[in-house]
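The next block holds one structure in the form of structure tokens; read it before the comments.
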Amino acid sequence: MGTPGPRSPTSPLGSERSVYSRRSPSQNAYDAPGQAYDAHGPAYEPHGQAYEPHGQAYEPHGQAYEMSEQEQSLLRRNQPSPFSGPFDDPNASSDSLRRYTLHDPGVAMFPTVPPYQESENGIGMYDLPPASSRGSTPVSEAWQQRQQAPGSGLRRYATRKIKLVQGSVLSVDYPAPSAIQNAIQPEFRESEEGFPEEFTHMRYTAATCDPDEFSLRNGYNLRPAMYNRHTELLIAITYYNEDKVLTTRTLHGVMQNIRDIVNMKRSEFWNKGGPAWQKIAVCLVFDGIDPCDKNTLDVLATMGVYQDGVMKRDVDGKETVAHIFEYTTQLSVTPTQKLIRPQAGDPNSLPPVQMIFCLKQQNTKKINSHRWLFNGFCRILNPEVVILLDAGTKPGKKSLLALWEGFYNDKNLGGA
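Going left to right, the sequence shown walks through residues 0 to 415 as numbering that gives the first Met the number 0 numbers them.
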């Protein structure tokens, strides 16, 4: 009997969980699914309507009154705009604003900072999207403000040059917050066989290419491959606009399942050739910056997987398609928003988990997210088994281990 696709209506678990294995000779795990996927919801649109001033134009009584076009432009210059921000000066004219805009080709005394130059404090020069596309919630507005360099005005901050990989790929390590570094157990952080930057620095890569071009040949790489680790199991979580409760329900359940695999004592496979946690990776693929819940990004920042102010809109003139963050963390957040930290000597402590967070710049639908997973990341990591989960799906206890065992015990199994 044929194996239904990951979104096939004949599969009872098609909308929640799918598993692929590259061991099957009849199925190519790196081909994107052939069936189109529908997005989780309609395209994101800002709430509210355009503001229209109340009242009518003033006309003096008793005589006809006509205005020339020049007089009308002077009278209407300072009227409120539907796209004005909460901190805009109502008395400022559009001419004066345009005169001091860095995008004006006539401005020469304030040259534009190259997109691949970093500020010394690690804050990236990520530009705000147009006002018409900004979120209307206070959380979204606060997140937008955090992406800017500190301060205001036209001051130019000190920068440092970054050497691009093969002249086109921007990949930078940013120090993780000290609280997140200290949460890692010393046995992992101070291991002589490990890589210290894995726990002390978050790696950011600005991908300016199509998923099919995300390869070693083009200068892109991922940490598990850089550390020469064999990836046995890759757990992928696709996300659209779920809130932080649904996202942590899935993510915390995945980390608990990884703990169950690592704590196995009689395993003939996981305990050979290095620690078991080094053979497992978790990949989150977010379908666009605008529709995603910014509270979810705050949760990922708490875990060390994400940082504000480091994303680059373009690299050397090429627009960034996906922002990729990598970090190995021992922190987790429960659906009740409780922070889980590892405790010395506690067998229930979570092991280190290799996290890959792909935040796509635009909402390009779920099939494109799977292309980033299979055509991009899987070609570099070369995993044996890939498990697909939707954000909001909570995996049961040892359920991911049971799925993996099905592939491990049957070399001809291609999907489950």
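Ideal Cβ positions, reconstructed from N, Cα and C, are used throughout, including at glycine.
1) Starting from the C-beta of Arg-145, find all residues in its chain whose C-beta is less than 8 Å away, skip the five residues before and the five after it, and write them out in chain order.
2) Less than 8 Å between the C-beta atoms of Val-138 and Thr-247, yes or no?
3) Near Pro-375, what residues of its chain come up, given a Cβ to Cβ distance below 7 Å and the 5 sequence neighbours on each side ignored?
4) Which runs of the alpha helix (DSSP H) at least 4 residues long sit entirely within the segment 326-394? Give them in chain order.
5) Within the segment 239-288, note down every full alpha helix (DSSP H) run reaching 4 residues or more, in order along the chain.
6) Output the boundary residues of the beta strand (DSSP E) element that contains Asp-172.
7) With three or more C-beta pairs closer than 8 Å as the rule, is the segment 237-246 touching the segment 193-210?
8) Could you check where the alpha helix (DSSP H) with Tyr-226 kicks off and where it finishes?
9) Look at the Cβ atom of Leu-221, then the Cβ atom of Ile-279, and state whether they are nearer than 8 Å.
10) Excluding the 5 residues flanking Ile-183 on each side, which residues of the same chain have their C-beta closer than 6 Å to its C-beta?
11) I'd like to confirm the pairing. Which residues does DSSP put opposite Leu-455 in its beta bridges?
12) Excluding sequence positions up to five away, which residues of its chain have a Cβ less than 6 Å from the Cβ of Ser-368?
13) Measuring CB to CB, does Lys-162 end up less than 8 Å from Asn-256?
14) Output the boundary residues of the beta strand (DSSP E) element that contains Tyr-203.
15) Secondary structure at Ala-401, three-state DSSP: helix, strand or coil?
16) Between Asp-172, Gln-165 and Arg-216, which has its C-alpha nearest Pro-195's C-alpha?
17) Suppose you measure from the CA of Ala-175 to the CA of Trp-276; what does that come to, to the nearest Å?
18) With distances taken between CB atoms, is the gap from Met-354 to Val-261 smaller than 8 Å?
19) Any idea what DSSP makes of Ile-183, helix, strand or coil?
20) What does the Cβ neighbour count give for Leu-169, buried or exposed, with the cut at 16 atoms within 10 Å?
21) Within this structure, are the beta carbons of Tyr-239 and Pro-185 separated by less than 8 Å?
22) In chain order, what residues of the same chain have a beta carbon less than 7 Å from the beta carbon of Ser-190, not counting five sequence neighbours either side?
23) Taking the straight line between their C-alpha atoms, what separation do you get for Met-254 and Val-164?
24) Starting from the Cα of Cys-357, find the closest Cα among Val-304, Arg-228 and Gly-344 and give me that residue.
25) If you run the structure through DSSP and keep just helix, strand and coil, what is Phe-213?
26) Considering only the alpha carbon of each residue, which of Ala-235, Arg-258, Gly-166 and His-251 lies closest to Asn-347?
27) How would you write the range of the alpha helix (DSSP H) that Leu-300 sits in, first residue to last?
28) For Met-225, count neighbouring Cβ atoms within 10 angstroms of its own Cβ and tell me buried if that reaches 16, exposed if not.
29) What is the rounded straight-line gap between the Cα of Lys-364 and the Cα of Arg-370?
30) Quick one: using the 10 Å Cβ neighbour count with 16 as the cut-off for buried, is Phe-406 buried or exposed?
31) Take Gly-134 and list the residues in its own chain whose beta-carbon comes closer than 6 Å to its own, dropping the five residues that flank it on each side.
32) If distances are taken between C-alpha atoms only, which option among Ile-288, Thr-230, Lys-311 and Ile-234 comes closest to Gly-272?
33) Put Val-320 into one of helix, strand or coil per three-state DSSP.
34) Exposed or buried, Gln-342, counting other C-beta atoms within 10 Å across all chains shown (16 or more means buried)?
35) For Asp-389, count neighbouring Cβ atoms within 10 angstroms of its own Cβ and tell me buried if that reaches 16, exposed if not.
36) Would the beta-carbon of Ile-386 fall within 8 Å of that of Ala-235?
Considering the structure as presented:
1) Asp-307 and Gly-308
2) Val-138 is not a Cβ neighbour of Thr-247, given a cutoff of 8 Å.
3) At residue 375 the sequence reads Gly, which differs from the Pro that was named. Excluding sequence neighbours, Gly-375 sits near Pro-210 and Phe-213.
4) The segment 326-394 contains these whole alpha helix (DSSP H) runs: 364-370 and 377-380.
5) The DSSP assignment places 243-261 as complete runs of the alpha helix (DSSP H) inside the segment 239-288, in order along the chain (cut-off: 4 residues).
6) In the DSSP assignment, Asp-172 falls within the beta strand (DSSP E) that extends over 169-174.
7) These segments do not touch.
8) Per DSSP, Tyr-226 belongs to no alpha helix (DSSP H) and is neither H nor E.
9) Contact: no.
10) Phe-198 and Gln-329
11) Residue 455 is absent from the model: the chain starts at 0 and stops at 415.
12) Thr-237, Val-284 and Asp-286
13) no
14) Counting along the chain, the unbroken beta strand (DSSP E) around Tyr-203 starts and ends at 200-206.
15) helix
16) Asp-172
17) Distance from the CA of Ala-175 to the CA of Trp-276, rounded to the nearest whole angstrom, comes to 20 Å.
18) no
19) Under the three-state reduction of DSSP, Ile-183 is assigned to coil, being neither helix nor strand.
20) buried
21) no
22) none
23) Taking the straight line joining both Cα atoms gives about 32 Å.
24) Val-304
25) coil
26) Arg-258
27) It is Ala, not Leu, that sits at residue 300 in the sequence shown. Its alpha helix (DSSP H) spans residues 293-302.
28) exposed
29) 10 Å
30) That one is buried.
31) Any reading at Gly-134 needs caution, since the residue's pLDDT is 47, under 50, leaving its predicted position unreliable; the model's value is listed next. No residues qualify anywhere along the chain.
32) Cα-wise, what sits closest to Gly-272 is Thr-230.
33) coil
34) The residue is exposed, with fewer than 16 neighbouring Cβ atoms inside 10 Å.
35) That one is buried.
36) yes
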